[in-house]
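Shown next, in structure tokens, is the structure this report addresses.
Residue numbers (our numbering): 3 to 75.
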């Protein structure tokens, strides 16, 4: 199993563990803080995942936004 696949599986597992989270409850593009809260990881972990291309993200000005749908597979 590749590291990327293992990470994807870990992300899905963490999100699936959240009982009342609905995709429509969150904006389409999440801040790093929001993504970290959903994944229950530190914000630095989200930044690392983005830099390794494990989470789809876009830079908007000086901020990074994470694709909400990537967290709700």
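We treat Cβ as the ideally placed atom computed from N, Cα and C, and that holds for glycine. Remember, it's a predicted structure, so these values are computed and weren't measured experimentally.
Could you tell me which residues DSSP pairs with residue i in its beta bridges?
| i | result |
| --- | --- |
| residue 42 | For residue 42, which the question treats as bridged, DSSP gives no partner whatsoever. |
| residue 72 | According to DSSP, which records beta bridges pairwise, residue 72 is partnered with nothing at all. |
| residue 59 | 68 |
Quick one: residues in its chain with C-beta nearer than 7 Å to the C-beta of residue i, no 5 flanking neighbours on either side, listed in chain order?
| i | result |
| --- | --- |
| residue 67 | 31, 32, 33, 59 and 60 |
| residue 72 | 57 and 58 |
Kindly list the residues whose CB is nearer than 8 Å to the CB of residue i, restricted to its own chain and excluding five residues on each side of it in sequence; keep chain order.
| i | result |
| --- | --- |
| residue 44 | 38 |
According to DSSP, simplified to helix, strand and coil, what is residue i?
| i | result |
| --- | --- |
| residue 32 | strand |
| residue 64 | coil |
Which same chain residues, not among the five before or five after residue i, have their C-beta less than 6 Å away from its C-beta?
| i | result |
| --- | --- |
| residue 69 | 58 |
Roughly how far, in whole angstroms, is the beta-carbon of residue i from the beta-carbon of residue j, given that I think they are within contact range, below 8 Å?
| i | j | result |
| --- | --- | --- |
| residue 48 | residue 41 | 7 Å |
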